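Notes for the one structure printed next.
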Amino acid sequence: MATLLRPPTAQATAVLRHRLASTPSVLLVSQKRWASTEAPSDLKQPPAAGAQGPAKLPWAQYFKIRKSKRNWEVATTIPSSILGFAGGITYFGSLEGTGMIFGVDPMFVYTAASIGCMGLGWLFGPFIGGSFWRLSHRKSLAMIEERDLEFYRHIVKNRVDPSRQSPVNPVPDYYAGEKVGSLKQYRQWLRDQARFRRKATLPEE
Numbered sequence: 018m019a020t021l022l023r024p025p026t027a028q029a030t031a032v033l034r035h036r037l038a039s040t041p042s043v044l045l046v047s048q049k050r051w052a053s054t055e056a057p058s059d060l061k062q063p064p065a066a067g068a069q070g071p072a073k074l075p076w077a078q079y080f081k082i083r084k085s086k087r088n089w090e091v092a093t094t095i096p097s098s099i100l101g102f103a104g105g106i107t108y109f110g111s112l113e114g115t116g117m118i119f120g121v122d123p124m125f126v127y128t129a130a131s132i133g134c135m136g137l138g139w140l141f142g143p144f145i146g147g148s149f150w151r152l153s154h155r156k157s158l159a160m161i162e163e164r165d166l167e168f169y170r171h172i173v174k175n176r177v178d179p180s181r182q183s184p185v186n187p188v189p190d191y192y193a194g195e196k197v198g199s200l201k202q203y204r205q206w207l208r209d210q211a212r213f214r215r216k217a218t219l220p221e222e
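The opening residue of the sequence shown carries number 18 in our numbering; numbering runs sequentially from there.
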């Protein structure tokens, strides 16, 4: 009984400490296992927004924007033409016609000049409307211009050769592609081009 209750010797204590130090604890093992199972989940995360490709404008929305741009241009063309004509009438009407101008009565010359001012207003109207439109769409202007380039490449690629027309197969409207305002119109334009090519390649009956 006295032998069992005898305290351990220094040598036995040193051996026990060495075994405990060389054996990894359960807590450390569990931490390592937890880390090993959590690491692969980082690879499954979606890439950052900056790593994705640049966003593109949907075609349906692009055609709506094209239509709105044309509306802006038309809306400013009418008042600019009226202002040009009114300005020409006001200016040339204030002049005193003292003699013939190139052998023509001054009234006719001033009237023609006023009409010319109206024509200048008609030419500058789309430019003014387009400028206002660009200001209102400046945030998405880069995407719109990208779609413009892509759309016109499609038009040039699919447009028919007008030299192949004949009396029985007239060429479709050559500039109809630039006037397209919706996906439906674009598909119809493609069908017209395909119909012309088909008739041009088939032998005449």
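We put the CB at the ideal spot given by N, CA and C, even for glycine. Given the structure is predicted, the values throughout are model-derived calculations rather than measurements.
When Cβ pairs closer than 8 Å are counted between the two stretches, the region 104-114 is seen not to touch the region 149-159, the count staying below three. Each of Ala217, Gly147, Asp190, Leu166 was checked against the Cα of asparagine 88, and the nearest Cα belongs to Gly147. When Cβ pairs closer than 8 Å are counted between the two stretches, the region 130-146 is seen to touch the region 80-97, the count reaching three or more. Counting along the chain, valine 185 sits inside no alpha helix (DSSP H), nor does DSSP assign it H or E at all.
At the C-beta level, phenylalanine 80 and tyrosine 203 come within 9 Å of one another. One Cα belongs to proline 184, the other to glutamine 210, and the distance between them is close to 16 Å.
Here isoleucine 132 has Phe102, Gly105 as same chain residues with Cβ atoms under 8 Å from its own Cβ, once five neighbours each way along the sequence are excluded. Taking C-alpha positions only, valine 197 is separated from phenylalanine 119 by approximately 46 Å. Taking 8 Å as the upper bound for CB-CB distance, isoleucine 161 and glycine 194 are not in contact here, some 18 Å apart. For valine 173, the three-state secondary structure derived from DSSP is helix. When only Cα atoms are considered, leucine 74 and aspartate 165 end up about 10 Å apart. Under the criterion of beta carbons closer than 8 Å, alanine 217 and arginine 181 qualify as touching, at roughly 4 Å. Isoleucine 118 is bridged by DSSP to Val121.
In the structure shown, proline 96 falls within a helical segment according to DSSP collapsed to helix, strand and coil. For glycine 105, the secondary structure class from DSSP, reduced to helix, strand or coil, is helix.
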